[in-house]
Amino acid sequence: MKTQILLPILAVAAFHAGLPSAHAQTAEQTAKQVLEEHPIIDGHNDVPAQIRGRFDSDFSKFDFRDTLETLGDAEKPMHTDIARLRKGGVGGQFWSVWIDPELPRAEAVERVIQQIDTVHRLANQYRDLEIALTADDIERAAKSGRIASLIGMEGGHSIGNSLAVLRQTYTLGARYMTLTHWKTLDWADAATDAPKSNGLSEFGVRVVHQMNALGMMVDISHVSPKTMHDTLDVARAPVIFSHSSANGVTDHPRNVPDSVLKRLPDNGGVVMVTFVPSYLKAERRDWEAAEKAEQERAKALYPGEKARRDAHMNGWRQATPMPSVTASDVADHIDHIRGVAGIDNIGIGGDYDGIRFLPDDMQDVSTYPVLFAELVQRGYSNDDLAKIARGNILRVMRDAERVADHHKIEVK
Ligand SMILES: [Zn+2]
Numbered sequence: 003m004k005t006q007i008l009l010p011i012l013a014v015a016a017f018h019a020g021l022p023s024a025h026a027q028t029a030e031q032t033a034k035q036v037l038e039e040h041p042i043i044d045g046h047n048d049v050p051a052q053i054r055g056r057f058d059s060d061f062s063k064f065d066f067r068d069t070l071e072t073l074g075d076a077e078k079p080m081h082t083d084i085a086r087l088r089k090g091g092v093g094g095q096f097w098s099v100w101i102d103p104e105l106p107r108a109e110a111v112e113r114v115i116q117q118i119d120t121v122h123r124l125a126n127q128y129r130d131l132e133i134a135l136t137a138d139d140i141e142r143a144a145k146s147g148r149i150a151s152l153i154g155m156e157g158g159h160s161i162g163n164s165l166a167v168l169r170q171t172y173t174l175g176a177r178y179m180t181l182t183h184w185k186t187l188d189w190a191d192a193a194t195d196a197p198k199s200n201g202l203s204e205f206g207v208r209v210v211h212q213m214n215a216l217g218m219m220v221d222i223s224h225v226s227p228k229t230m231h232d233t234l235d236v237a238r239a240p241v242i243f244s245h246s247s248a249n250g251v252t253d254h255p256r257n258v259p260d261s262v263l264k265r266l267p268d269n270g271g272v273v274m275v276t277f278v279p280s281y282l283k284a285e286r287r288d289w290e291a292a293e294k295a296e297q298e299r300a301k302a303l304y305p306g307e308k309a310r311r312d313a314h315m316n317g318w319r320q321a322t323p324m325p326s327v328t329a330s331d332v333a334d335h336i337d338h339i340r341g342v343a344g345i346d347n348i349g350i351g352g353d354y355d356g357i358r359f360l361p362d363d364m365q366d367v368s369t370y371p372v373l374f375a376e377l378v379q380r381g382y383s384n385d386d387l388a389k390i391a392r393g394n395i396l397r398v399m400r401d402a403e404r405v406a407d408h409h410k411i412e413v414k
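Numbering of the sequence shown is given in the working numbering, commencing with residue 3 and proceeding in unit increments.
Structure below.
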């Protein structure tokens with residue numbers, strides 16, 4: 003009897019003293035619970051390029067359930083496999099079918115079809131994955147406990163200046179196209195190359211309208227700010243940034259300027275915040291640039307002498323420690339986008355398996371809960387987290403599908 007009365011009193015006392023009660027959840031627990039109910043749909047992952055590069059697209063050479071096991075200790079680990087996607091609370095993934103922007107035009111088209119084929123083969127081989135072509139497909143996959151697998155084309159060089167190829171990549175399952183990769187095209191300027199068209203050319207506008215007519219999302223990561231603005235001027239559906247962060251936090255050509263963020267509430271688009279350390283923190287951007295310059299210097303100093311070059315670089319790295327980047331830096335970008343655009347304009351696009359470095363505490367796809375726990379600690383509500391994890395990108399995809407119904411498939 004006594005303890006029954008005492009316990010509620012103690013709980014009330016603990017509450018008033020600001021102490022956590024026995025049932026209070028930690029931020030990690032809250033994050034995990036939210037992601038169980040609202041699994042992440044990530045905008046960008048380069049596993050198809052890894053499958054080509056590491057395994058020559060031979061599916062007998064790896065087990066995607068556990069790539070750490072496949073590769074062993076001798077090789078650099080992959081960031082992704084099914085076991086870690088599950089642990090990370092991932093329910094949908096846009097697999098990037100990136101191809102080298104230097105490829106000649108005809109070869110580019112063949113290569114992108116091969117990479118699209120790789121995603122279909124992957125989803126076909128593993129019961130945990132399921133190809134998703136629509137927002138409804140993503141919801142269905144979630145209900146059956148599978149990871150929705152979507153296809154994102156990275157770079158307009160994939161279509162070889164042909165609207166026919168663009169239309170047929172849609173038929174093969176591609177649901178977004180990034181207008182450029184790092185190189186400027188005949189019809190769209192990239193953020194990291196000299197401009198040719200002062201943004202989007204006339205044909206570039208037709209590409210955007212064709213994508214809108216098909217219901218393929220227009221991705222303006224990688225493009226120049228002028229191309230971003232031109233696209234927003236003519237787009238008939240919300241845009242996405244499949245993997246970019248905020249230029250207002252870190253000045254980097256791959257990040258989204260505030261002038262563009264301000265236009266997103268009107269357009270309805272989302273910035274899927276990326277984890278590339280040099281985009282996340284200025285000190286890290288500068289360190290990586292200095293490291294690259296030092297490597298060039300070492301090459302010139304010791305031509306053909308790899309051992310001496312390595313020793314030189316080890317000495318340099320010891321004298322010049324790499325500034326650390328963590329989930330807290332990613333959260334700074336999310337805070338910023340929330341402040342300038344809004345909570346409805348944020349998503350996640352990690353760029354796992356496409357980059358050399360990652361934040362210290364987010365080394366693979368099992369670590370999304372670390373970021374979400376950080377957001378819990380910053381006061382984000384469960385509804386906010388659900389929007390960032392999947393609600394916003396699902397809304398954009400549905401909007402793109404709706405607009406497609408209202409336009410003819412072929413654009414003039
Ligand atoms: Zn990229």
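The beta carbon of each residue, even a glycine, is placed where N, CA and C say it ideally should be.
Contacts around residue i, its chain only, beta-carbon distance under 8 Å, and the 5 residues preceding and following it disregarded
i	result
Asp353	His46, Asn47, Asp48, His245, Thr276, Phe277, Val278
Ser203	Asp188, Trp189, Ala190
Val413	Leu165, Arg208, His211, Gln212, Ala215
Gly162	Arg107, Ala108, Ala110, Val111
Leu336	At residue 336 the sequence reads Ile, which differs from the Leu that was named. Cβ within range, chain order: Val275, Ile348, Leu377, Ile390.
Pro325	Lys283, Glu285, Arg286, Trp289
Arg380	Ala333, Asp337
Counted within 10 angstroms of its Cβ, other Cβ atoms place residue i as buried (16 or more) or exposed
i	result
Arg310	exposed
Gly306	exposed
Asp386	buried
Ala292	exposed
Thr252	buried
Asn394	buried
Asn126	exposed
Ser160	buried
Pro323	exposed
Ala143	buried
Asp401	buried
Thr173	exposed
Gly154	buried
Gly91	buried
Ala237	buried
Nearest-angstrom Cα separation, counted from residue j out to residue i
i	j	result
Ser330	Ala33	15 Å
Pro103	Lys264	30 Å
Glu290	Thr180	25 Å
Lys145	Asp268	32 Å
Ala239	Glu376	32 Å
Ala295	Phe96	34 Å
Ala321	Arg358	21 Å
Asp1	Arg397	The structure shown does not extend to residue 1, since the chain is modelled only from 3 to 414, so the question has no answer here.
Thr171	Tyr304	47 Å
Gln35	Asn347	22 Å
Val258	Gly356	19 Å
Gly271	Gly349	10 Å
Gln365	Gly217	34 Å
Arg286	Glu156	25 Å
Ser383	Gln52	36 Å
Val327	Lys185	27 Å
Gly2	Ala176	Here the chain has residues from 3 to 414 only, and residue 2 is not among them.
Ala29	Ser280	27 Å
Leu131	Ala302	48 Å
Val241	Val220	5 Å
His254	Gly351	17 Å
Ser247	Asp260	11 Å
Val372	Phe205	43 Å
Leu360	Val332	11 Å
Gly341	Thr182	28 Å
Asp75	His81	14 Å
Contact set for residue i: own chain, Cβ-Cβ below 7 Å, skip 5 residues either direction
i	result
Pro50	Trp97, Ser98, Val99, Gln117, Thr120, Val121
Ile1	Nothing can be reported for residue 1, as the shown portion of the chain is limited to 3 through 414.
Phe374	Ala33, Val36, Leu37, Leu387
Asp232	Gly201, Leu202
Ile317	In the sequence as displayed, the identity of residue 317 is Gly instead of Ile. So no residue of the chain qualifies.
Arg148	Asp130, Leu131, Glu132
Ile7	In this prediction, Ile7 has a pLDDT of 47, which is less than 50 and means its spatial position is unreliable; nothing more can be read from the coordinates.
Close Cβ partners of residue i (< 6 Å) along its chain, the five nearest in sequence each way excluded
i	result
Thr72	Phe64, Asp65
Leu266	Ala343, Asn347
His314	Ala300
Lys89	Ser368
Asp195	Lys185, Thr186
Val167	Val111, Ile161
Phe57	Lys63, Phe64
Asp312	none
Closer than 6 Å: residue i CB and nearest ligand 2 heavy atom
i	result
His335	Because ligand 2 does not appear in the structure shown, any question about it cannot be addressed here, the ligands present being ligand 1.
Any C-beta of chain D under 7 Å from that of residue i
i	result
Lys228	The structure shown contains no chain D; it is built from a single protein chain.
Mind the definition here: the region 226-243 touches the region 190-202 only if three or more C-beta pairs lie below 8 Å; say whether that holds.
yes
Three or more beta-carbon pairs under 8 Å between the region 61-69 and the region 82-89, yes or no?
yes
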